[in-house]
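There are 2 protein chains.
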Amino acid sequence: MRLEADRMVNLTLADKDVTTERQVVMEERRMRTDNDPGALLSEQMTAAQFLQLHYRIPAIGWAHELAKIGRDDALAFYHRYYAPDNAILVIAGDVTATEVRPLTERTYGVIPARGVAPRERLAEPRQLAARRLILRDARVRQPTWQRTYLAPSRHAGAKEHADALEVLAEILGGGTTSRLYRSLVVEKKLAAAAGAWYDPVQLALSRFGVYATPAEGVDLATLETAMDGEIARLLADGVGAAEVKRVTKRMIAEATYARDSLYLAARAFGEALTAGLTVADVESWPERIAAVTPADVMAAARAVLRPATSVTGLLLGDGKS
Amino acid sequence: MRLEADRMVNLTLADKDVTTERQVVMEERRMRTDNDPGALLSEQMTAAQFLQLHYRIPAIGWAHELAKIGRDDALAFYHRYYAPDNAILVIAGDVTATEVRPLTERTYGVIPARGVAPRERLAEPRQLAARRLILRDARVRQPTWQRTYLAPSRHAGAKEHADALEVLAEILGGGTTSRLYRSLVVEKKLAAAAGAWYDPVQLALSRFGVYATPAEGVDLATLETAMDGEIARLLADGVGAAEVKRVTKRMIAEATYARDSLYLAARAFGEALTAGLTVADVESWPERIAAVTPADVMAAARAVLRPATSVTGLLLGDGKS
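Here the protein sequences line up with chains L and Z, keeping their order. Just so we're on the same page, this note's numbering is the position in the first sequence counted from 1, plus 156. Just so we're on the same page, this note's numbering is the position in the second sequence counted from 1, plus 156.
Here's what the structure looks like:
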């Protein structure tokens, strides 16, 4: 704590520290993004999904901007954000609040609040046009198909759908018993992999995603037609009570196991608090998920699975496919 | 001049002025954009074309942001930008510089420079994925197809291509003798209209566009294939010296006629100066255009007509097409 508190106020930063660290970050970007066509497509899809929200900018930064960051930029960020009144402290372990609270007060507590200004929260304009991106790159060995839909988070937009969207993602694409896996991989043998995801923990809006990797010899158009068919079937026929029950039970069981990890439990609270939620929001999650009904899932699906707010991405080798 | 100079410093702005004017602007947005699906698609395409440049934001503002603009925002803009040192004065008419210069010095000249800070110029990250937008709207009676490519302007990017891109736009889509019109409208009878455009006068990057409206009963996929065919033919077979000569002659003649308009001539200089160009840039335009060769046109076409930096937009009625 003393170390962490100290570096909230006493940073000394030489030009050469920044130069060295910038090289490290640029190398990280090259390795993780620029050398990976899938990561590049994901970055371009994110920039296409959010018209106005800052989520459209990659967290690591665009390559050409990263190259220009200097000591002044780093210090400006530090002075603006790196303060106790902008930090959330999560302590996990064999300790009690009575024991650790005086320690935090003696270390972080003595640092004056910096009066961190509220960050500007841009709102999204209406999204009216289905978007489609095709990235061709000679390095691609395995084409992929994916789509994201603009979605509420637990903190922003039509947040009443957030729990049901988690259940929907699990029904559509959670593991080998999910609808997409069973239909596209097992039955139709069109895909080598297929799934869905949703991230409810965002301060602003979030995304709901579906994806598939074609089986050998299957083109992406065929795969997309089958994917669209599964989504249309869901929207037309709904989900069953037994299906929802089975899935929510598994979600709660998995979350309970995950809480056994000291790190994951602490992280869940930290992320939630950073995204504007409360400890109570995290603690009531199992009850809320258990209470999700088929009608909730369908209301969420109808609200979110709309072409006009979607971004579809195709990753292809350089040749036609 | 006295009036214009006066309002650079002596603005009084009441809340009710802003409220009234905001209503006017919101109504203008509703009329020109929100009630016009074509304008909405154009807005969404622009936001998809520029990943980072502020050109991605519509000049009139997103509807939800417009609704929140108040007196403080208006005053902040006024104090930041509305100053003689950020203005370009163009005087056209039967006067000489000797006559008007003293007038400008007595009116604008006495206002202290405000030291307008250089505006932040974002640069575009690499554009790697062809984008495609589909906007479906029940109000659409006439589907349209269009595409824009990220392009240099005369002031930014590979600006050596700017003159040749103007010639290319004219060859491809300037009037009824252009390639696109002759092929898609006259010969193949697939389109009711077809054309191309390019705007060289931008401070930052610009766009090169092609578009077509299908003839009765022709679907957009057929039209797009024909359009792609014309572009591929151009890239494969090039342009002829006679074609370039005919087009550049017409461009220069049309520009000469346009200069007869006091307003258009003044506007051309004003726009150019605002976009970082000089009076000499405007005056040398006819010579530069006359000097464009077929090789210049093809180098520009190859640099710009690239799928990875393109945005294709389809405007459709609500039914399938």
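We put the CB at the ideal spot given by N, CA and C, even for glycine.
Assumed close pair residue i, residue j - CB separation to whole angstroms, cut-off 8 Å
i                         : j                         : result
aspartate 293 of chain Z  : proline 193 of chain Z    : 4 Å
alanine 348 of chain L    : alanine 371 of chain L    : 5 Å
isoleucine 247 of chain L : valine 256 of chain L     : 5 Å
arginine 227 of chain Z   : leucine 169 of chain Z    : 6 Å
threonine 446 of chain L  : threonine 412 of chain L  : Rather than threonine, the amino acid found at residue 446 of chain L in this sequence is alanine. Not quite, the Cβ-Cβ distance comes to about 12 Å (not below 8 Å), so this is no contact.
threonine 189 of chain L  : isoleucine 216 of chain L : 7 Å
leucine 391 of chain L    : arginine 458 of chain L   : 7 Å
threonine 468 of chain Z  : arginine 303 of chain Z   : 4 Å
methionine 164 of chain L : alanine 239 of chain L    : 6 Å
arginine 178 of chain L   : alanine 219 of chain L    : Actually they do not touch by this definition, with Cβ atoms about 12 Å apart.
alanine 455 of chain L    : alanine 320 of chain L    : 7 Å
alanine 204 of chain Z    : alanine 204 of chain L    : 6 Å
aspartate 229 of chain L  : arginine 270 of chain L   : About 18 Å; that fails the 8 Å criterion.
Coarse secondary structure for residue i, derived from DSSP in three states
i                            : result
proline 356 of chain L       : coil
isoleucine 445 of chain Z    : helix
alanine 412 of chain L       : A small correction: the amino acid at residue 412 of chain L is threonine; alanine does not occupy that position in the sequence shown. Here threonine 412 of chain L sits in helix by DSSP.
leucine 291 of chain Z       : strand
glutamine 200 of chain Z     : helix
glycine 313 of chain L       : coil
glycine 351 of chain L       : strand
isoleucine 387 of chain L    : helix
serine 477 of chain Z        : Low per-residue confidence applies at serine 477 of chain Z: pLDDT is 41, beneath 50, and the placement is therefore not dependable, though the value from the model is reported in the following sentence. Three-state DSSP puts serine 477 of chain Z in coil, outside helix and strand.
leucine 379 of chain Z       : helix
serine 339 of chain L        : helix
valine 266 of chain L        : coil
proline 214 of chain L       : coil
asparagine 242 of chain L    : helix
phenylalanine 233 of chain Z : helix
aspartate 171 of chain Z     : helix
asparagine 166 of chain L    : coil
glycine 373 of chain L       : coil
leucine 418 of chain L       : helix
proline 463 of chain Z       : helix
threonine 141 of chain L     : Only positions 157 to 477 of chain L appear in the structure, and residue 141 of chain L is not among them; the question remains open.
valine 181 of chain L        : helix
Contacts of residue i in chain L (Cβ-Cβ under 7 Å)
i                      : result
leucine 167 of chain Z : Neighbours of leucine 167 of chain Z on chain L: none; closest Cβ ~25 Å, over 7 Å.
leucine 284 of chain Z : Leu196, Gln200, Leu291
alanine 203 of chain Z : Leu207
Where the alpha helix (DSSP H) through residue i begins and ends
i                         : result
alanine 325 of chain L    : 318-329
serine 466 of chain Z     : Looking at the DSSP string, serine 466 of chain Z is not in any alpha helix (DSSP H); the run it does join, the beta strand (DSSP E), is 466-472.
alanine 285 of chain L    : Premise fails: alanine 285 of chain L is in no alpha helix (DSSP H) and is neither H nor E.
proline 450 of chain Z    : 450-460
lysine 224 of chain Z     : No alpha helix (DSSP H) holds lysine 224 of chain Z; DSSP gives it neither H nor E.
aspartate 513 of chain L  : In the structure as shown, chain L starts at 157 and stops at 477, and residue 513 of chain L therefore has no counterpart that could be examined.
methionine 187 of chain L : Element bounds for methionine 187 of chain L: n/a, residue is neither H nor E.
glutamate 439 of chain L  : 435-439
Under 7 Å from the C-beta of residue i: neighbouring residues of chain Z
i                        : result
histidine 220 of chain L : Ala279, Pro281
Cβ-Cβ distance between residue i and residue j below 8 Å
i                         : j                        : result
leucine 284 of chain L    : glutamine 200 of chain L : no
proline 424 of chain L    : valine 435 of chain L    : Per the sequence shown, residue 424 of chain L should be read as alanine rather than proline. No, the Cβ-Cβ distance between alanine 424 of chain L and valine 435 of chain L is not below 8 Å.
isoleucine 327 of chain Z : valine 453 of chain Z    : yes
tyrosine 354 of chain Z   : glutamate 386 of chain Z : no
leucine 259 of chain Z    : leucine 471 of chain Z   : no
serine 466 of chain L     : alanine 286 of chain L   : yes
histidine 235 of chain Z  : leucine 433 of chain Z   : no
alanine 360 of chain L    : leucine 209 of chain L   : yes
tryptophan 490 of chain L : leucine 376 of chain L   : Lying before the first or after the last residue shown, residue 490 of chain L is absent from chain L, which here runs from 157 to 477.
lysine 344 of chain L     : alanine 382 of chain L   : yes
glutamate 261 of chain Z  : valine 357 of chain Z    : no
proline 274 of chain L    : glycine 473 of chain L   : no
alanine 422 of chain Z    : tyrosine 264 of chain Z  : no
arginine 363 of chain L   : tyrosine 419 of chain L  : no
alanine 352 of chain Z    : leucine 336 of chain Z   : yes
valine 395 of chain Z     : proline 450 of chain Z   : yes
valine 374 of chain L     : leucine 346 of chain L   : yes
Any non-hydrogen atom of the ligand FAD closer than 7 Å to residue i Cβ
i                      : result
alanine 451 of chain L : Ligands displayed in this structure: none; no statement on the ligand FAD is therefore possible.
Limits of the beta strand (DSSP E) - the one that residue i falls within
i                      : result
serine 362 of chain Z  : 362-370
alanine 307 of chain L : 300-307
8 Å Cβ cut-off: residues of chain Z touching residue i
i                       : result
arginine 288 of chain L : Arg287, Arg288, Leu289, Ile290
8 Å Cβ cutoff, residue i in contact with chain A
i                         : result
isoleucine 213 of chain Z : Going by chain labels, chain A is absent from the structure shown, which instead holds the protein chains L and Z.
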